[in-house]
Structure formats: structure tokens, C-alpha cells
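Chemist: Residue numbers (the numbering used here), protein chains in the order written: chain A, 750 to 942; chain B, 750 to 942.
#1: For a test of the three-state rule: what should DSSP assign to residue 815 of chain A, helix, strand or coil?
#2: List the whole-angstrom C-beta distance separating residue 878 of chain B from residue 750 of chain B, where the pair is believed to meet the contact cut-off of C-beta under 8 Å.
#3: For the stretch 770-785 of chain B and the stretch 916-936 of chain A, state whether three or more C-beta atom pairs, one from each stretch, are separated by less than 8 Å.
#4: With distances taken Cα to Cα, identify the nearest neighbour of residue 869 of chain B among B/861, B/862, B/855, B/890.
#5: Under 8 Å between the Cβ atoms of residue 898 of chain A and residue 921 of chain A?
#6: What's the C-alpha gap between residue 797 of chain A and residue 886 of chain B?
#7: Throw me the rounded Cβ distance for the residue 860 of chain A and residue 805 of chain A pair, which I believe falls under 8 Å.
#8: Name the two residues that bound the continuous beta strand (DSSP E) containing residue 858 of chain B.
#9: Which term fits residue 893 of chain A, buried or exposed, when burial requires 16 or more other beta carbons within 10 angstroms of its beta carbon?
#10: For residue 910 of chain B, does the count of other Cβ atoms within 10 angstroms reach 16, so buried, or fall short, so exposed?
#11: Between which two residues does the alpha helix (DSSP H) carrying residue 789 of chain B extend?
#12: Excluding sequence positions up to five away, which residues of its chain have a Cβ less than 6 Å from the Cβ of residue 814 of chain A?
#13: Can you check whether the CB of residue 858 of chain B is closer than 8 Å to the CB of residue 863 of chain A?
#14: Look up residue 809 of chain A in the DSSP assignment and say whether it is helix, strand or coil.
#15: Could you spell out where the alpha helix (DSSP H) holding residue 888 of chain A opens and where it closes?
#16: Output the boundary residues of the beta strand (DSSP E) element that contains residue 829 of chain A.
#17: Can you tell which of A/913, A/896, A/918, A/843 has the C-alpha that lies nearest to the C-alpha of residue 866 of chain A?
#18: At a Cβ cut of 7 Å, what residues of the stretch 790-810 of chain A count as close to chain B, listed as they run along the chain?
#19: Tell me the DSSP secondary structure of residue 935 of chain A in three-state form.
#20: Tell me, to the nearest whole angstrom, how far the beta carbon of residue 817 of chain B is from that of residue 783 of chain B; I am working on the premise that it is less than 8 Å.
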């Protein structure tokens, strides 16, 4: 998506070999105009899949999920909550998510009532690297008998395996920008399809 | 705001004397149509204050801040991050926020670059009870020489002192719904102005 690519190239910061900082327009400060155009891009990609619910995980995925849901005709948004501990609460479904960044495993959880059996779920998230968060959300959907009809990502790290694995599994995945590599602090994006 | 009041009366759950559960449409599952109408209500209230930035705190404030910012012409949104520890990072401003619900103090923080001196800040949050989160965000603004031109809240607990203190301090506060009391599990709302 051209506007996101330009924002990454002009404002994004690459650190080391694998850190992509976009917190000046995406996940600390939000460029609201860009956000809603991203929502429209995901809606154009996934409208044909007829999602009836947008799922994300707190915190920085929420803004993007809201923008996508709005562009799809104000679908409901559900955000999974993060917590360190496993609780045995019968009303919740849970899945583990390992964070390579923070070197720790968290649980994500969702109230069963908000992910009804048979839902057609569009997963939206800001980053896709190893794919752990998406895998966790897919597990929540599987536990509830809900169908994942698509996965929309803002920034995919193309040099990590998450995107490849999802595509190989036949998941309808759309990343609005794919980072090919980070070279001398510069973020190199993959050419658009 | 009539639609929010109706959602609270029809779907909200009161627990004990002071817990208001609205997670079925506001802060776990989001009713996106209602969310954007709330954004418009805040925009109508605060447009005249000429805010140039909407500030909230992760996680559940983010959706509401995005809706308000959109209705105000796609203003940037900045969300303060929560963390347990105090760090000495020169690029951040920090403020303590005591949570009566969780009986612990957290720090909220923001990158200085995203809260420029002289900004006209509209603070948006989901709940106002004792006012700790708003007070923390006001402290961040004061530390940066930014002006708080308004505070927009979804649900104010009128039986806790946060709202009264802000009004007494001359803050332009707009709560879209004010809970008067919880009686036998029923949420009693204050009559609208």
C-alpha cells in the first residue's frame, strides 16, 4: 500500500538487523488519516470473504482493527487481552503467545461470548514476524469453532518466517508493506505485487 | 449521549456497589457503529477548543481516541504506554497512576516527541472513577508544556470523586454517560443535562 510504504521509508527507523520502529505514525503516535486509508485497503482485500467480526490483540492492534471494521461497514471488533498468568476461568478461551522480542510467553484470552461459534473472523495486527500472535488468535478461533477468513497485517518482516508459514498453510494473508531487510539503519521494502 | 445510555441500560452489568461492566460493547468487544457515534459526540463538544492532538492511555482508550480524532478531521492520536517499572529514559515523560481496581501503581509514559510543547490536547478515556488516569495524562501534558483543552469520557462513575474534582478545577469535561449508582445489579444513570 503506497501511503504506508512511503511513511515507512520516510519516517520508519531500522535498528540492527531486525527491529522496525514505526511508532511515530503507527503504534505510539497514530497518523489517523493513514490509519483509515489502511482500513480501506484491508476492506478492499477482504470484503469478498464476508467477515462478520474483526479480531486483534491489545494494545497497538486495536486502532487498526477499528479502522478495518469501520471500512467493512462497522463490523464488531474484539480484542484479545494479554496477561502473564494462566487462569482457569470457564468463560474464557486462552492461547499462549511467545514473544521473541521480550523473550517470554504470555497468554492471550477472550471471553467466549464475543467469539461465537461459526463466526467468520478477520484477524488484523500491526506486525507479523514469527507469526506467534496470529497463531495464538487462530488457536482462539479454532477453540471456539470460528473460521479465520483472512489475516490483515500492516508491516510484515519478510525475513522472518511468519508470513511464509501462513501462506503455505493456505491462509488469505494481506500485508500492506513487507520489509525485505534492514541495511545500515535503512528499511528496504519488498516490491509490491 | 442517548445511544450509549441505552447500550449501558440494556447490556451493561452492575456488580456490587461500584463495578460497571460494559465489555460487551465498549472495552473487550467493541460496537463499532456506537463507537463512531461517540466520536462524533465528543467532536461536537470539543471542536470549539481547537485540539490538535488526542491523547489516551492503552489499551481500551485507543478505540475511543481514534473515533474522536477521526470525527475531528483525523487529528493524530497518541497513546501513553503502561509499564510496571520506572525507567530513566531521557526521551520519555512519565507519570504514576494508581489503580484502585488492581491496588497497584503503574507508570504511564510517552515519547516526548509525540507530545510537543504548545500542543492543544484532548484527553479521551473509557472510564472516569477516581480520576487517576486522567490526572496522570494531565501530568504528562504539564511536563511537556502542552495544554489540556478538554477531557472526554465514555462512562463516568458519578459516585466516585474524579469527575467532581476535574469540574471544580475548571476542566472542560464531557462524560457521555454518568452512572449515579448500582442497585441490585442494575445500573442507574444520571439524567442528562
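Just so it is clear, CB atoms sit at the ideal spot from N, CA and C, and this is done for glycine as well. All values reported here derive from a predicted model rather than from experimental measurement.
Modeler: With the given structure in hand:
#1: Under the three-state reduction of DSSP output, residue 815 of chain A falls in the helix class.
#2: Your pair residue 878 of chain B and residue 750 of chain B does not check out as a contact, with CB atoms roughly 19 Å apart and the cut at 8 Å.
#3: Short answer: they don't touch.
#4: Per the Cα distances, B/890.
#5: Yes, these two residues count as a Cβ contact at 8 Å.
#6: Those two C-alpha atoms are separated by around 42 Å.
#7: Going by Cβ atoms, the distance from residue 860 of chain A to residue 805 of chain A rounds to 15 Å, so no, they are not a contact pair.
#8: Counting along the chain, the beta strand (DSSP E) containing residue 858 of chain B begins and ends at 853-860.
#9: Label assigned to residue 893 of chain A: buried.
#10: Label assigned to residue 910 of chain B: exposed.
#11: Residues 781-795.
#12: Taken in chain order, the residues that qualify are 803, 805, 826, 873.
#13: Not in contact: residue 863 of chain A and residue 858 of chain B (Cβ atoms no closer than 8 Å).
#14: If DSSP states are grouped into helix, strand and coil, residue 809 of chain A belongs with coil.
#15: Here the alpha helix (DSSP H) through residue 888 of chain A covers 881-893.
#16: Segment 826-832, the beta strand (DSSP E) holding residue 829 of chain A.
#17: Ranking the options by Cα distance to residue 866 of chain A, first place goes to A/896.
#18: If you check each beta-carbon in the stretch 790-810 of chain A against every beta-carbon of chain B, the ones closer than 7 Å belong to 807, 808.
#19: Three-state result, residue 935 of chain A: strand.
#20: The Cβ separation is near 13 Å, so there is no contact.
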